[in-house]
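Working notes, beginning with the structure itself.
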DNA sequence: TAACTAACGTACTAGTTCGTACATTACTGG
DNA sequence: CCAGTAATGTACGAACTAGTACGTTAGTTA
């Protein structure tokens, strides 16, 4: 009666499962080939369903891409929700946040690639998305609180706000992942070599803490 | 006899002029749309010549792209040749180099975009080019000399080499230009706002100098 | 000045790729 | 249990796009 093998009660037709599978595959494809380079047929082929279903759920290629982008940003935002640094002194806390950002970037190379792709397209899709969803990372708010506390305690100097600081931290983490191929080709150095991971992580922490020091 | 208007002796057919014009237009197109998104027909239409000539001089789309990439990297490399910091003390010199990198990135957004595009393609084209031409920026060698001098004088601490330092500086400069669209969409802040240029330039200098301080 | 060649233009083709018309089947409510 | 609908599969078309066959002209050299 129900499907042959597999988990007996698993239904053959499942809206959310199919949608999610398409999004998973599409994320990999768009991250690997860019928007124009991505092929709807390729995405369909890598799914257990067909191209027809992609258009059934996502209307067209552009909206599929936007769904991929939105989910990617929301996942990062949610993942960064639960970094708790309230109990730490400002200096240690800022270093901790920088390291967390470092870890996140390394753990989500597909997200990084999507951001690159989106910037090639001048963020036209993301600009549409932000009208509906708030995609700001909670990290910026945490940095803001820490910067204020640090200045009150006299351990941080003024001259940059939380967004500036977040930009500085992201720059470093982003470049290391996003540009590792060109950088590696030119300077013959692998920026994401596991053996050097600690070195680059410490370097980032030092950079941020020293920059902020009063 | 010769052409009607224009500069009288200007020949109508000029190998180098045509090649250069195609490369100029192709650079803009690849930077604007990525490799897959770029259209050979669009490039041809924006030229005073035809598509036939693109294939006449560059064989195919891939080689056209590689010619664009090579020229872009060589121009940056050559432009950075003439930064003279030999007469400055190490701290001032490093700040000067960081600022120069900052200026170069801002002045060449198309180059930045090409680097993004190339990383989407895992630098497969650049890896081929590097076998023929040396595309390393002279900045790294200058940084190397300065780091040594600074350590001898006791003003710089050990713990990072010239390539690491170059990565740190480039990260900041690169992110500001490359990701300004997504960053602007999310945080509603224009990283290349001319009014904030000085602020971000100073921030970079402080960041580097403080990081290196003994 | 006439023959030759490098540079150039036009019109077309083969293959790809997004998207859809139409047919079908699994689930669900009455 | 049966009718209706949501979900799915197949086969195809229209438009686009990289690349080319073929013809032409400007400049050069003997």
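Chains as they are written, first to last, in my numbering: chain V, 1 to 214; chain X, 215 to 428.
Built from N, CA and C at the ideal position, the CB exists for glycine as well.
Note that the structure is predicted; figures quoted are calculated from it, not measured.
Problem set entry | Test item: CB-CB of residue 163 of chain V and residue 111 of chain V under 7 Å | no
Problem set entry | Local conformation of residue 86 of chain V per DSSP, three classes | In the three-state reduction of the DSSP assignment, residue 86 of chain V falls in the coil class, being assigned neither a helical nor a strand state.
Exercise. Along chain X, which residues have their Cβ under 9 Å away from the Cβ of residue 207 of chain V?
Worked result: 382, 421, 422, 424 and 425
Problem set entry | CA nearest to the CA of residue 350 of chain X, picked from X:239, X:288, X:230 and X:257 | X:288
Exercise. Going by other Cβ atoms of all chains shown within 10 Å of its Cβ, with 16 needed for buried, is residue 27 of chain V buried or exposed?
Worked result: buried
Problem set entry | Simplified DSSP state of residue 260 of chain X, which is helix, strand or coil | coil
For this session: Tell me whether residue 213 of chain V is buried or exposed, calling it buried when 16 or more other Cβ atoms sit within 10 Å of its Cβ.
Result: By the 10 Å Cβ count, residue 213 of chain V comes out exposed.
Exercise. Is the CB-CB distance between residue 276 of chain X and residue 254 of chain X below 7 Å?
Worked result: no
Exercise. Are any of the Cβ atoms in chain V nearer than 7 Å to that of residue 349 of chain X?
Worked result: Yes, because at least one Cβ of chain V sits closer than 7 Å to the Cβ of residue 349 of chain X.
Exercise. By DSSP, does residue 32 of chain V sit in helix, in strand, or in coil?
Worked result: helix
Exercise. According to DSSP, which residues form a beta bridge with residue 427 of chain X?
Worked result: X:370
Exercise. Does residue 181 of chain V get closer than 7 Å to chain X when you measure Cβ to Cβ?
Worked result: yes
Exercise. Is residue 227 of chain V close to chain X, meaning its C-beta is less than 7 Å from at least one C-beta of that chain?
Worked result: Coverage of chain V is limited to positions 1 through 214, which leaves residue 227 of chain V absent and any answer about it impossible.
Exercise. How about residue 358 of chain X: is its Cβ closer than 6 Å to a heavy atom in the ligand GDP?
Worked result: Only the bare structure without any ligand can be found here, which leaves the ligand GDP out of the picture.
Problem set entry | Enclosing alpha helix (DSSP H) for residue 137 of chain V [first to last residue] | No alpha helix (DSSP H) contains residue 137 of chain V, which DSSP labels as neither H nor E.
Exercise. Distance, Cα to Cα, residue 423 of chain X vs residue 176 of chain V?
Worked result: Each residue's Cα considered, the two are about 21 Å apart.
Exercise. Taking the alpha-carbon positions, what's the residue 409 of chain X to residue 225 of chain X distance?
Worked result: 46 Å
Exercise. Do residue 91 of chain V and residue 145 of chain V come within 7 Å of each other at the CB atom, strictly closer than that value?
Worked result: no
For this session: Under 9 Å between beta-carbons, which chain V residues line up against residue 309 of chain X? List them in chain order, please.
Result: Listed along chain V is no residue with a C-beta nearer than 9 Å to that of residue 309 of chain X; the closest approach is about 13 Å.
For this session: For residue 290 of chain X, return the contacting residues in chain V, with the cut-off set at a CB-CB distance below 8 Å.
Result: Chain V residues near residue 290 of chain X: none, gap ~11 Å exceeds 8 Å.
Problem set entry | Whether residue 257 of chain X touches residue 243 of chain X by CB criterion (7 Å) | Taking 7 Å as the Cβ cut-off, residue 257 of chain X and residue 243 of chain X qualify as a contacting pair.
Exercise. Which value, in whole angstroms, describes the spacing of the CA atoms of residue 365 of chain X and residue 355 of chain X?
Worked result: 16 Å
Problem set entry | Proximity to residue 414 of chain X [Cα-Cα], best of X:270, X:315 and X:234 | Taking only the C-alpha atoms, the option nearest residue 414 of chain X is X:315.
Exercise. Shorter than 7 Å from the beta carbon of residue 201 of chain V to some beta carbon of chain X?
Worked result: no
For this session: Could you tell me the distance, in whole angstroms, from the CA atom of residue 302 of chain X to the CA atom of residue 169 of chain V?
Result: Approximately 29 Å between the Cα atoms of the pair.
Exercise. Between which two residues does the alpha helix (DSSP H) carrying residue 332 of chain X extend?
Worked result: 323-334
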